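Colleague: Heads up: the sequence lines are chains A and P, in that order. Just so we're aligned, residue 9 is where the first sequence starts under our numbering, counting upward by one. Just so we're aligned, residue 9 is where the second sequence starts under our numbering, counting upward by one.
There are 2 protein chains.
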Amino acid sequence: MNADVIVIGGGLSGLNAARLIHRAGKKVLVLEARDRVGGRTLSKKFGNSVIDLGAQWVGPTQDRILRLAEEQGLRTFPQHTGGRQILALGDKVSTYTGTIPSLPVHSLIELHLRITKIEKECRRVPLEAPWTFPDAEKWDAMTVESWKQNHVYTRGARASLDAAVHAIFACEPSEISFLYFMHYLHSGGGLMRLADVKNGAQQDRIFGGTQQISSRMAADLGRRVILSSPVLRVEQTSRGVTVYTRKTKYSARRIIIALSPTLCSKIAFSPALPVARDQLHHRMPMGSVIKTFALYDRPFWRERGYSGEVVSDGTCVRLAFDASIPGSMHGLLVGFISGENAREWSDRTPREREAAVVSDFVRFFGEEASDHRGYLEQNWIAEEFSRGCYAGLMPPSVMTSFGNALRDPCGLIHWAGTETARHWNGYMEGALEAGERAAAEVLEAR
Amino acid sequence: MNADVIVIGGGLSGLNAARLIHRAGKKVLVLEARDRVGGRTLSKKFGNSVIDLGAQWVGPTQDRILRLAEEQGLRTFPQHTGGRQILALGDKVSTYTGTIPSLPVHSLIELHLRITKIEKECRRVPLEAPWTFPDAEKWDAMTVESWKQNHVYTRGARASLDAAVHAIFACEPSEISFLYFMHYLHSGGGLMRLADVKNGAQQDRIFGGTQQISSRMAADLGRRVILSSPVLRVEQTSRGVTVYTRKTKYSARRIIIALSPTLCSKIAFSPALPVARDQLHHRMPMGSVIKTFALYDRPFWRERGYSGEVVSDGTCVRLAFDASIPGSMHGLLVGFISGENAREWSDRTPREREAAVVSDFVRFFGEEASDHRGYLEQNWIAEEFSRGCYAGLMPPSVMTSFGNALRDPCGLIHWAGTETARHWNGYMEGALEAGERAAAEVLEAR
Chain A
9 MNADVIVIGG GLSGLNAARL IHRAGKKVLV LEARDRVGGR TLSKKFGNSV
59 IDLGAQWVGP TQDRILRLAE EQGLRTFPQH TGGRQILALG DKVSTYTGTI
109 PSLPVHSLIE LHLRITKIEK ECRRVPLEAP WTFPDAEKWD AMTVESWKQN
159 HVYTRGARAS LDAAVHAIFA CEPSEISFLY FMHYLHSGGG LMRLADVKNG
209 AQQDRIFGGT QQISSRMAAD LGRRVILSSP VLRVEQTSRG VTVYTRKTKY
259 SARRIIIALS PTLCSKIAFS PALPVARDQL HHRMPMGSVI KTFALYDRPF
309 WRERGYSGEV VSDGTCVRLA FDASIPGSMH GLLVGFISGE NAREWSDRTP
359 REREAAVVSD FVRFFGEEAS DHRGYLEQNW IAEEFSRGCY AGLMPPSVMT
409 SFGNALRDPC GLIHWAGTET ARHWNGYMEG ALEAGERAAA EVLEAR
Chain P
9 MNADVIVIGG GLSGLNAARL IHRAGKKVLV LEARDRVGGR TLSKKFGNSV
59 IDLGAQWVGP TQDRILRLAE EQGLRTFPQH TGGRQILALG DKVSTYTGTI
109 PSLPVHSLIE LHLRITKIEK ECRRVPLEAP WTFPDAEKWD AMTVESWKQN
159 HVYTRGARAS LDAAVHAIFA CEPSEISFLY FMHYLHSGGG LMRLADVKNG
209 AQQDRIFGGT QQISSRMAAD LGRRVILSSP VLRVEQTSRG VTVYTRKTKY
259 SARRIIIALS PTLCSKIAFS PALPVARDQL HHRMPMGSVI KTFALYDRPF
309 WRERGYSGEV VSDGTCVRLA FDASIPGSMH GLLVGFISGE NAREWSDRTP
359 REREAAVVSD FVRFFGEEAS DHRGYLEQNW IAEEFSRGCY AGLMPPSVMT
409 SFGNALRDPC GLIHWAGTET ARHWNGYMEG ALEAGERAAA EVLEAR
């Protein structure tokens, strides 16, 4: 035996599991496919700042990630918010303040009613076992788009729902089940909690980037973290589990797989996994997002009274924020190309994407935006060891038919990854919760 | 170079492609993961008959498969139909003749109207590029279940639609997109063509089993077919393609991958596939079906005036047919456990499934059905090299966003498999069509 427990996946979830198992005095190994830890977090130097090409924000009620970052000596700073937001629907660019966009009165009234209803109804979905909810089958039989067609009528309220789905899930409303959508909202504390900056999931950022949280956990684990080791095969017997990479094999009493279901589908299991778990791997595609950054001499949009926040229904950037770092004179804008837009722009060259993103920024903030000093992007769909971001999504019928396979251990194999979280599913917080839960399962098992 | 063309997958599609490439004077190799050819066809001796544990029927307009079987000297016989059909809804078991079940008059009227509408509307979906259809986005945004909730009102008509989805797709109406559903119907020639025995997709069977069609193609190809060789990795350069199995590597100028998208997702591609193709692999789960057979001393149900055909909304068998072989005295019943039922029964033992299937047959045909002489089953979900049957399914939003990746070659990689077929998509006929098209692509390429 090389270890008591092997953890597959050196993202936040796997590293948190490994850290807790190590702390409990057990021998642990982490196998990571990439030449770096951090999974869907990735922090890079850009200009004189470190920016987050992956997960970027933390917010209230995300207790685990906030505590861990603090223990590690990391500091947070608030997402910039001062100024007017921009709403770009069709050819029309308008501005507003607060969370609720500038829409015609009847759209605003409907939007208010729908949000109130969603906030109330999503809390009815049980976090632990959403498939037991009385309306589960009904809600899981339809897409969010179908729900919208049947329950939302004004153009403004429909566009706002589309924007929320793009911002929160990086997909189209036709890609996900309404039950999954409502469960996800409840999991993070409601729609406004997920959508908001102040008092919401986009409230704060971490100086030096979120990847540091993983790097520091990995540093503490030292040689127990083995990089550049994609796992090809997992063999389970009654006595233990053997894990095969291209060159080596490792064995342990139990293993934790801290990968999205899509990535789990790349591993060959022997004996075969139970049918429900295997099919789950083929039924949770990842969201689609290209994250882009443009660097400017200064955050000129602030001078013009803009916060930098944009919601758009255009063909390239669907969502933008001021991404500047306090203490730096430079201005940074982050633009998210998500859902169908991300798939379409994936086939183009980085230079074509740069031109399109900057052209969107000009449309939002004026001609000055064309004078950018640099461009950086991360296409998460094209990453072999992510295959998309932010998280694994559930199309209709998956949660009711396969949801119970998400966390159920398969013999000596336990499952982590943010897709298995009860709270803040899909977020960094959820990744830590999932790692904690899987570590507890392993430590309690005899 | 080991060959001009390597075909991955020794099912009907891959073997047909290989046969045509070989006939054109090119050097071809077929790599098959299993120790047998035939993919989702599998013929086995049971009692004194050979039965089909996989694809079982052929019908009119399936010109390629009928011609090929005839060239190979295989003979067909008609699916047994004489007698009354059984409809088992809830606790109620009733009988009827013809295709239209015994339902209350208002259900029958609605069913007739809906079928007429579906037959007409499905023909509007273009077979080649369904995503170009004006209503494509609207239809692809909803599940068949959502369409049913909005357009079908009587219990009888709803149950009939559910039964059709189970019979044709082996899934629940909440698992598939309405656009995909309508395209699939059009692809096979309409709902009644797919659902019917006489003049439909269940009209005829093949003496000795459908797997023979593959075996005979493979026999003609001789040592060009290499069994027990699952492909792990595909590397493409400008000059050719190298294919890695666990022990060997093979190289060719071009390759054809004749696997379902789900199985394609198990192969590592270098360089990475275009985003749309890669994501497609994660977005087309397979249908869920366990095919079961019970053997009797004689087809006793015929004596009682039953045809053997059953449609049920029960928790185990959803569809049954007389599967007896002319010339044999024995009686055979085939029962399909499909969709959610298949997932649930997958976790049980074969003995438990046998008891449940036979108990269903008793409910349908009377006490005599309990006296079976043998039971045989094939759980296609649990098959490592199928991961489900009958075919890869499209949840909402997949056809419009990823459909154009189904057949588009990726450099020197061409795609076959019945999921890529224009006609009879999902059927043996579609597998042959797809192989023929991929072979033509390769032969026309320089």
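Using N, Cα and C, we set each Cβ at its ideal position, and we do this for glycine too. Remember, it's a predicted structure, so these values are computed and weren't measured experimentally.
Residues in the segment 165-182 of chain P with C-beta within 9 Å of chain A's C-beta atoms, listed in sequence order?
Modeller: The residues in question are C179, E180, P181 and S182.
Colleague: Between which two residues does the alpha helix (DSSP H) carrying P:L76 extend?
Modeller: For the purposes of this step, residue 76 of chain P is taken as the residue at position 68 of the second sequence. First-last of the alpha helix (DSSP H) with P:L76: D71 to E79.
Colleague: Under a three-way DSSP split, which group does P:E180 fall into?
Modeller: Residue numbering aside, residue 180 of chain P sits at position 172 when the second sequence is read from its first letter. Looking at P:E180 - three-state DSSP - the assignment turns out to be coil, as it is neither helix nor strand.
Colleague: Using a Cβ-Cβ cut-off of 7 Å, state whether P:S405 counts as contacting chain A.
Modeller: Counted from its first residue, the second sequence places residue 405 of chain P at position 397. Answer yes: the Cβ-Cβ gap between P:S405 and chain A drops below 7 Å somewhere.
Colleague: In chain order, what residues of the same chain lie with their CB nearer than 6 Å to the CB of A:Y383, ignoring the 5 residues before and after it?
Modeller: Locating residue 383 of chain A in the first sequence gives position 375, where the first residue counts as 1. Excluding sequence neighbours, A:Y383 sits near A302 and E362.
Colleague: Are there three or more Cβ pairs, one per stretch, closer than 8 Å when the segment 383-402 of chain P is compared with the segment 223-236 of chain P?
Modeller: Touching, no, given that fewer than three Cβ pairs across the two stretches are closer than 8 Å.
Colleague: Given that a residue counts as buried once 16 or more other Cβ atoms are within 10 Å of its Cβ, and exposed if not, what is P:N56?
Modeller: For this step, residue 56 of chain P is matched to residue 48 along the second sequence. Burial call: exposed.
Colleague: For A:I389, which residues in chain P fall below 8 Å Cβ to Cβ?
Modeller: By 1-based counting over the first sequence, the position of residue 389 of chain A is 381. Neighbours of A:I389 on chain P, chain order: V283, D286 and Q287.
Colleague: Based on Cα-Cα distance, which residue from P:V249, P:D212, P:S278 and P:C272 lies nearest to A:A390?
Modeller: The sequence position of residue 390 of chain A within the first sequence is 382, counting from 1. If we check each option's Cα against that of A:A390, P:S278 comes out closest.
Colleague: Taking C-beta pairs closer than 8 Å, name the residues in chain A that P:R395 reaches, listed in chain order.
Modeller: Locating residue 395 of chain P in the second sequence gives position 387, where the first residue counts as 1. Ordered by position in chain A, the residues that pass the 8 Å Cβ test against P:R395 are D286, Q287 and H290.
Colleague: Output, in sequence order along the chain, the residues in the segment 320-354 of chain A whose CB is closer than 7 Å to any CB in chain P.
Modeller: Here the close residues are E348, R351 and S354.
Colleague: Let me know if P:R445 comes out buried or exposed under the rule of 16 or more other beta-carbons within 10 Å of its beta-carbon.
Modeller: Here residue 445 of chain P refers to the residue found at position 437 when the second sequence is read from its first residue. Burial call: buried.
Colleague: Taking 6 Å as the limit between beta carbons, can you name the residues of its chain near P:W309, skipping five residues before and five after?
Modeller: Counting from 1 along the second sequence, the entry for residue 309 of chain P is found at position 301. Excluding positions up to five away in sequence, the list reads G316 and F373.
Colleague: The segment 137-165 of chain A: which residues have C-beta closer than 7 Å to a C-beta of chain P, in chain order?
Modeller: Those residues of the segment 137-165 of chain A that come within reach of chain P (Cβ to Cβ, closer than 7 Å) are D148, A149, M150, T151, E153 and S154.
Colleague: Name the chain A residues that come within less than 7 Å of P:E427, Cβ to Cβ?
Modeller: If you number the second sequence from 1, residue 427 of chain P lands on position 419. Correct list: empty, because the minimum Cβ distance to chain A is about 13 Å.
Colleague: Does DSSP put P:K156 in a helix, a strand or coil?
Modeller: Position 148 of the second sequence holds residue 156 of chain P. If DSSP states are grouped into helix, strand and coil, P:K156 belongs with the helices.
Colleague: How many angstroms separate the CA atom of A:Q64 from the CA atom of P:H194?
Modeller: By 1-based counting over the first sequence, the position of residue 64 of chain A is 56. By 1-based counting over the second sequence, the position of residue 194 of chain P is 186. Distance between the alpha carbons of A:Q64 and P:H194 is about 47 Å.
Colleague: Do you know offhand how far P:R92's Cα is from P:A364's?
Modeller: On the second sequence, position 84 is the one that residue 92 of chain P refers to. On the second sequence, position 356 is the one that residue 364 of chain P refers to. Their backbone Cα atoms lie some 23 Å apart in a straight line.
Colleague: Can you tell me which of the three DSSP states A:M436 falls into?
Modeller: Taking the first sequence and counting its residues from 1, one reaches residue 436 of chain A at position 428. Helix at A:M436.
Colleague: Can you grab the Cα-Cα spacing for the pair A:T455 / P:E136, in whole Å?
Modeller: Only positions 9 to 454 of chain A appear in the structure, and residue 455 of chain A is not among them; the question remains open.
Colleague: So what does DSSP say about A:C272, is it helix, strand or coil?
Modeller: Here residue 272 of chain A is taken as the residue at index 264 of the first sequence, counted from 1. Three-state result, A:C272: helix.
Colleague: So, using beta-carbon positions, are A:L240 and A:C418 closer together than 7 Å?
Modeller: As a position in the first sequence, residue 240 of chain A is number 232, starting the count at 1. As a position in the first sequence, residue 418 of chain A is number 410, starting the count at 1. No, Cβ-Cβ distance for A:L240 and A:C418 is not below 7 Å.
Colleague: Run the proximity test for A:G382: is its beta-carbon closer than 6 Å to any non-hydrogen atom belonging to the ligand COA?
Modeller: Annotation note on the ligand COA: not contained in the displayed structure, which lists no ligands.
Colleague: Near A:H88, which residues of its chain fall below 6 Å by C-beta distance, leaving aside the five closest residues on each side in sequence?
Modeller: Stepping through the first sequence from its first residue, residue 88 of chain A is reached at position 80. Correct list, in chain order: D330.
Colleague: Between the C-alpha atoms of A:S394 and A:K128, what's the straight-line distance to the nearest angstrom?
Modeller: Here residue 394 of chain A refers to the residue found at position 386 when the first sequence is read from its first residue. Here residue 128 of chain A refers to the residue found at position 120 when the first sequence is read from its first residue. Distance between the alpha carbons of A:S394 and A:K128: 33 Å.
Colleague: Could you check whether the Cβ of P:A280 sits closer than 7 Å to any Cβ belonging to chain A?
Modeller: As a first step, residue 280 of chain P is located in the second sequence; it is residue number 272 there, counting from the start. P:A280 counts as touching chain A.
Colleague: Alpha carbon to alpha carbon, how far is P:M9 from P:L39?
Modeller: Stepping through the second sequence from its first residue, residue 9 of chain P is reached at position 1. Stepping through the second sequence from its first residue, residue 39 of chain P is reached at position 31. C-alpha separation (whole angstroms): 15 Å.
Colleague: Any beta carbon from chain P within less than 7 Å of A:T270's own beta carbon?
Modeller: Position 262 of the first sequence, counting from 1, holds the residue named residue 270 of chain A. Yes, A:T270 counts as interfacial toward chain P.
Colleague: Taking only three categories from DSSP, how would you classify P:L327?
Modeller: Here residue 327 of chain P refers to the residue found at position 319 when the second sequence is read from its first residue. If DSSP states are grouped into helix, strand and coil, P:L327 belongs with the strands.
Colleague: Establish whether the CB of P:S273 and some CB of chain A are separated by less than 7 Å.
Modeller: To locate residue 273 of chain P, count along the second sequence from 1; it is residue 265. At least one chain A Cβ lies under 7 Å of P:S273.
Colleague: Which residues in the same chain have their Cβ closer than 7 Å to the Cβ of A:C272, if we skip the five residues on either side of it in sequence?
Modeller: As a working note, residue 272 of chain A is residue 264 in the first sequence. Excluding positions up to five away in sequence, the list reads I265 and H289.
Colleague: Using a Cβ cut-off of 9 Å, which residues of the segment 291-310 of chain A contact any Cβ in chain P, in chain order?
Modeller: Residues R291, M292, P293, M294 and S296.
Colleague: Do we get a CB-CB distance below 7 Å when we pair P:S236 with the residues of chain A?
Modeller: As a position in the second sequence, residue 236 of chain P is number 228, starting the count at 1. Judged by the 7 Å Cβ criterion, P:S236 is not in contact with chain A.
Colleague: Going by Cα to Cα distance, which pick from A:A276, A:I263 and A:R326 is closest to A:L451?
Modeller: Against the first sequence, residue 451 of chain A aligns to sequence position 443. Checking every option, the nearest Cα to that of A:L451 belongs to A:I263.
Colleague: So is A:V113 buried or exposed if we call it buried at 16+ other beta carbons inside 10 Å?
Modeller: Here residue 113 of chain A refers to the residue found at position 105 of the first sequence. By the neighbour-count rule (16 or more Cβ atoms within 10 Å), A:V113 is not buried but exposed.
Colleague: Excluding sequence positions up to five away, which residues of its chain have a Cβ less than 6 Å from the Cβ of A:H191?
Modeller: The sequence position of residue 191 of chain A within the first sequence is 183, counting from 1. So the qualifying residues of the chain are V133 and P138.
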